[in-house]
Amino acid sequence: MEREGWKIKLLIFAVSALVLLFIAYPLLKVFSSCTASGFIHFFKAPYFMRPFFNSCCLGAGVATVGTIVGFVLAYAVERAKVPFFRVFDLIGTIPVIAPPFIVAISSIMLFGRNGFVVRRFLEGHEFFSVYGFWGLLITETLAYFPTAFLVLKGTLSAIHPTFEEASRSMGAGRARTFWKITAPLCLPGILSSFLLLFIESLADFGNPIILSGGYQVLSVQAYLQITAVYDMGGGAVMAIMLLLPSLIAYVVQKYIVGQRSFVTVAGKVPRSTRKSGKTTILCLELFCLLLVAVILLCYGMILIGAFVRLWGVDYSFVFDNFIKGLQMGSQYIWGSMILAGVSAPITGILGIIIAYLVTRKKFLGRKVLEFTSMLAFAVPGTVIGIGYIMAFNEPHWFMPWALQGTFWIILFLFVFRNMPVGLQAATAGLAQIDVTIEEAARTLGAGNFILFKKIIFPLLAPAFFSGLIYSFVRAMTQISAVIFVVSGKWNLFTVFLLGLVENGELSIAAAMSVVLVVIVLLMMGFLKFVIHRWQVKQMVKAAW
Amino acid sequence: MYLQLNNISKRFTDRGGNEVSVVKDFDLSVDRGEFICLVGPSGCGKTTVLRMIAGLESPNAGNIILDGTEITNLPPEKREMAVVFQHYALFPHMNVYGNVAFGLNVRRLPKKDIEAKVKEILESVGLDGFEQRAPNELSGGQQQRVALARALVIHPKVLLCDEPLSNLDAALRVQMRSEIKSIQRRLNLTTVYVTHDEDEARFLADRTIEMKSVTK
Chain A
0 MEREGWKIKL LIFAVSALVL LFIAYPLLKV FSSCTASGFI HFFKAPYFMR PFFNSCCLGA
60 GVATVGTIVG FVLAYAVERA KVPFFRVFDL IGTIPVIAPP FIVAISSIML FGRNGFVVRR
120 FLEGHEFFSV YGFWGLLITE TLAYFPTAFL VLKGTLSAIH PTFEEASRSM GAGRARTFWK
180 ITAPLCLPGI LSSFLLLFIE SLADFGNPII LSGGYQVLSV QAYLQITAVY DMGGGAVMAI
240 MLLLPSLIAY VVQKYIVGQR SFVTVAGKVP RSTRKSGKTT ILCLELFCLL LVAVILLCYG
300 MILIGAFVRL WGVDYSFVFD NFIKGLQMGS QYIWGSMILA GVSAPITGIL GIIIAYLVTR
360 KKFLGRKVLE FTSMLAFAVP GTVIGIGYIM AFNEPHWFMP WALQGTFWII LFLFVFRNMP
420 VGLQAATAGL AQIDVTIEEA ARTLGAGNFI LFKKIIFPLL APAFFSGLIY SFVRAMTQIS
480 AVIFVVSGKW NLFTVFLLGL VENGELSIAA AMSVVLVVIV LLMMGFLKFV IHRWQVKQMV
540 KAAW
Chain B
0 MYLQLNNISK RFTDRGGNEV SVVKDFDLSV DRGEFICLVG PSGCGKTTVL RMIAGLESPN
60 AGNIILDGTE ITNLPPEKRE MAVVFQHYAL FPHMNVYGNV AFGLNVRRLP KKDIEAKVKE
120 ILESVGLDGF EQRAPNELSG GQQQRVALAR ALVIHPKVLL CDEPLSNLDA ALRVQMRSEI
180 KSIQRRLNLT TVYVTHDEDE ARFLADRTIE MKSVTK
């Protein structure tokens, strides 16, 4: 390794300082706001302990059911290749781009007190309440099973079919092969998916704030403790009790389960032509159809609800919901679009810079920088939000402005919270680029700036754009962290949506959900188009 | 002396955390226009010496002097040398023209001059008409010619080659080495060339330096 120039050293210093200030410092602030008496209070008072147990129970439930659903769907799509598997593959990933509580809204429309099913078929009798554990379990499972699906699809596709073929040739039947060979080989993927879903459920804020009813969960209670009771210390204790299980699950997933992969084959895995048994295929097909029906029902409800005068009462077709919603919410919608638009490119570039520094440079604290940057992925949004209001509501010597209530606090929150995905994509991309390519550019006279602009960045463009798309979508759809830092001046679309649901304006909420999804889809389409143009231009011109 | 290495030493830390000495008290003097081959078994540090001349590694001790100026701590982009790598290291997102023009673009030459120089050098390595091809559309021999053209076009003070022919088949290797030799003669290029093939070294070099592994 050659010695680093002062510019690189300065960059390392600046990036580390930013990561410390906007990720580590708010978290430390949460920890330092807790007192021993606060904790004692927490463990003694049932209204503190109850949400903790509820959150963990719900998390375990969602993780279990979500992993099962994800596995069955992944097996049907990846191994059994049931009829229409391509459709199921696509449908299975739809909830990823949806706002967090879209399923909650549609389940209220169906099963709420004024819900379609409850009114029409049950004559007002709620045979079970969507408000509470079961409602939350179903909505969160529907919202988060795609994570399990994607993880397990990857696991299944990496398992060499020859293992299964060997088992069959030695006389084991289909069922025996599945239980003795395929399932055990999937175990790391299954555990991984379980832990990721547990983290996601624990962190979920949008669904429980709408649906939890009497079943209190930690993320919502911590929010109420701060915004309604004005008890910062109590909120901080709850945030930490929320953070600990998530962090443990994250560390176990990343450093223990993640390392225990059985996948040993590199390169392309041949496709097995052996089919599953007829009964198996039939069962899988039915399961997939049922799942797709439920998902389409959820999203269909939103679409229908958007054009209905007053849900539960007057089902005549109108366009008013859009007009009213857009009038009421224009400030929120613009706020979200501006902040998402500004933060997404910054997030993407920062992800690439950090990935480059931690993979290509050697410096003190490299591992710390990497870990801290990825940390935002594991920390529930509620905890980050609480950390941000505690850290930035007054000026410090190192931060001479109070950021609370400004554009900047939301921007920084978006950038540092959404960065890990771009960072991971860029790290994977850099692993594919031979170091000699950079060395060739250096010896031909390229300094750091040209190296980055002409070599690194163009080669990492796919990673950059996937980080960009992800952070734009996340910025448009997330709520748990930003709800703490929005203000009268800078407010966001999801907060507006939540307000509509809380005021019972279900039809307008549905219309605005449609608008949100359309904005996200348009933006994704636009970015895909830009990427395509970019790649064509790269090759046609001499790239200068 | 045009290029001089005085008492160069280089140590690396291996995976176990032990210091390993790769090059120890190495001296080298190269005249202007001279073709030097560094030969020796793998692991003897010849590539490391080349990388230290290029500025891709910093020596732990000793100094490097080019044309009367000390360059030991100069970053690679300021040394005006060019390296031809074993695996070519062509920029995969640029076509042949973009690859060859890269060093000239960095030096902000006028567009006309760049076009003329690229055309001339591509002709001399026998690749005229290939400007719009992407690197992955070329054969190994063609890729190596592009890498050579990319290095030559900037008129480097020293041309550094790190086993540039080892990935080519035998027949092509013989053909390419005569081409390299004739171009080097024509341009009177100072060249340091690393190889483990003694035949190749004998054919190419004005002077061959045999390196041995540092005894532990």
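Top to bottom, those sequences are chains A and B.
To convert, note that position 22 of the first sequence is 21 in numbering that gives the first Met the number 0; the numbers rise steadily by one, no gaps.
To convert, note that position 53 of the second sequence is 52 in numbering that gives the first Met the number 0; the numbers rise steadily by one, no gaps.
The C-beta atom is built at its ideal place from N, Cα and C for all residues, glycine as well.
Since we're looking at a predicted model, the values are computed, not measured.
Apart from the five residues on each side of it in sequence, which residues of its chain come closer than 7 Å, Cβ to Cβ, to residue i?
| i | result |
| --- | --- |
| G140 (chain B) | L167, L171 and M175 |
| T66 (chain A) | A147, I189, S192, F193 and L196 |
| S512 (chain A) | P98, I101, I104, I301 and L496 |
| G42 (chain B) | S212 |
| K323 (chain A) | I507 |
| L217 (chain A) | P50, F51, S54, M237, M240 and L241 |
| E284 (chain A) | V81 and P82 |
| G266 (chain A) | Low confidence applies to G266 (chain A): its pLDDT is 47, below 50, so where it sits in the model is not reliable, and the reading given next is rough at best. There are no such residues. |
| S123 (chain B) | I182 |
What residues from chain A crowd round residue i, counting only those whose CB sits closer than 8 Å?
| i | result |
| --- | --- |
| L210 (chain B) | Reading the sequence as shown, one finds Met at residue 210 (chain B) and not Leu. Those within 8 Å of M210 (chain B) in chain A number zero; the least Cβ separation is about 21 Å. |
| L55 (chain B) | E1, E438, R441 and T442 |
Can you name the residues of chain B whose CB is closer than 7 Å to the CB of residue i?
| i | result |
| --- | --- |
| P457 (chain A) | H92 |
| I454 (chain A) | F90 |
Relative to the alpha-carbon of residue i, which residue among the options has its alpha-carbon at the smallest distance?
| i | options | result |
| --- | --- | --- |
| F87 (chain A) | A:L295, A:E438 and A:I468 | A:L295 |
| P183 (chain A) | A:L201, A:S168, A:E163 and A:R416 | A:E163 |
| F316 (chain A) | A:I353, A:L285 and A:F306 | A:F306 |
| L136 (chain A) | A:T154, A:M398, A:Y214 and A:R85 | A:Y214 |
| Y87 (chain B) | A:W133, A:S168, A:D433 and A:Q220 | A:D433 |
| M108 (chain A) | A:V517, A:G276, A:M523 and A:A510 | A:A510 |
| S8 (chain B) | B:R144, B:E178, B:G16 and B:V48 | B:V48 |
| L429 (chain A) | A:T358, A:L243, A:L17 and A:G524 | A:T358 |
| M210 (chain B) | B:K45, B:V99, B:F202 and B:D13 | B:K45 |
Under DSSP, the alpha helix (DSSP H) around residue i begins and ends at which residues?
| i | result |
| --- | --- |
| T189 (chain B) | Where T189 (chain B) is concerned, there is no enclosing alpha helix (DSSP H), although the beta strand (DSSP E) it sits in stretches over T189 to T194. |
| M175 (chain B) | A169 to L186 |
| L281 (chain A) | K277 to A305 |
| L37 (chain B) | Careful: L37 (chain B) lies outside any alpha helix (DSSP H), inside the beta strand (DSSP E) at F34 to V38. |
| K45 (chain B) | K45 to A53 |
| M579 (chain A) | The structure shown has nothing for residue 579 (chain A), since chain A only spans 0 to 543. |
| Y96 (chain B) | V95 to V105 |
| V414 (chain A) | F406 to Q431 |
| L121 (chain B) | K110 to S123 |
| L159 (chain B) | Note, L159 (chain B): premise wrong, no alpha helix (DSSP H); beta strand (DSSP E) at V157 to D161. |
| S166 (chain A) | P160 to S168 |
Who are the neighbours of residue i on chain E, taking C-beta pairs under 8 Å?
| i | result |
| --- | --- |
| H86 (chain B) | The chain inventory of the structure shown lacks chain E, comprising the protein chains A and B. |
So which residues on chain A does residue i lean against when the C-beta distance must stay under 9 Å?
| i | result |
| --- | --- |
| E76 (chain B) | A440, R441, T442, L443, G444, A445, G446, N447, I449 and L450 |
| M80 (chain B) | T442 |
| I153 (chain B) | L443 and G444 |
| R149 (chain B) | A439 and L443 |
Counting only Cβ pairs nearer than 7 Å, list the residues of chain A close to residue i.
| i | result |
| --- | --- |
| G102 (chain B) | L443 and G444 |
| V105 (chain B) | L443, G444, A445 and I449 |
Beta-carbon within less than 8 Å of residue i's beta-carbon, same chain only, minus the 5 sequence neighbours each way: which residues are those?
| i | result |
| --- | --- |
| V264 (chain A) | At V264 (chain A) the pLDDT is 45, less than 50, meaning the model places this residue with poor confidence; the figure from the coordinates comes in the next sentence. Within the same chain, V264 (chain A) has close Cβ partners A157 and H159. |
| P75 (chain B) | A53, G54 and L55 |
| N447 (chain A) | G4, K6 and I7 |
| V293 (chain A) | L141 |
| Q145 (chain A) | According to the sequence displayed, residue 145 (chain A) carries Pro and not Gln. G69, G91, T92, I93, P94 and V95. |
| T476 (chain A) | I96, A97, P98, P99, T493, L515 and V519 |
| A542 (chain A) | With a pLDDT of 47 at A542 (chain A), under the threshold of 50, the predicted position of this residue should be treated as unreliable, though the coordinate-derived value follows. Cβ within range, chain order: K453 and P457. |
Please list, in chain order, all residues of the same chain as residue i whose beta carbon is under 6 Å from its beta carbon, the five residues on each side excluded.
| i | result |
| --- | --- |
| L402 (chain A) | F391 and I408 |
| N187 (chain B) | G32 |
| I63 (chain B) | L4, I70 and T71 |
Using a C-beta to C-beta distance shorter than 9 Å, which residues of chain B count as neighbours of residue i?
| i | result |
| --- | --- |
| G428 (chain A) | Under the 9 Å cutoff, chain B gives no residues; its nearest Cβ is about 12 Å from G428 (chain A). |
| G4 (chain A) | P74 |
Hey, could you find the ends of the beta strand (DSSP E) residue i is sitting in?
| i | result |
| --- | --- |
| N6 (chain B) | L2 to T12 |
| N62 (chain B) | A60 to L65 |
| S20 (chain B) | E18 to V29 |
| Y214 (chain A) | First-last for Y214 (chain A): undefined, no H or E at that position. |
| V152 (chain B) | It is not in any beta strand (DSSP E) - V152 (chain B) carries neither H nor E in the DSSP assignment. |
Fully enclosed by the segment 13 to 76 of chain A, which alpha helix (DSSP H) runs are 4 residues long or longer? 24 to 31, 35 to 43 and 45 to 74
Let me know the beta strand (DSSP E) ranges lying completely inside the segment 218 to 256 of chain A, each 3 residues or longer, listed in chain order. Fully enclosed beta strand (DSSP E) runs of 3 or longer: not present.
Please give the ranges of any alpha helix (DSSP H) in the segment 340 to 387 of chain A, keeping only runs that are unbroken, at least 4 residues long and fully inside the region. 365 to 374
Which ranges does the alpha helix (DSSP H) cover as unbroken runs of at least 4 residues, wholly within the segment 449 to 502 of chain A, from first to last along the chain? 460 to 476 and 492 to 501
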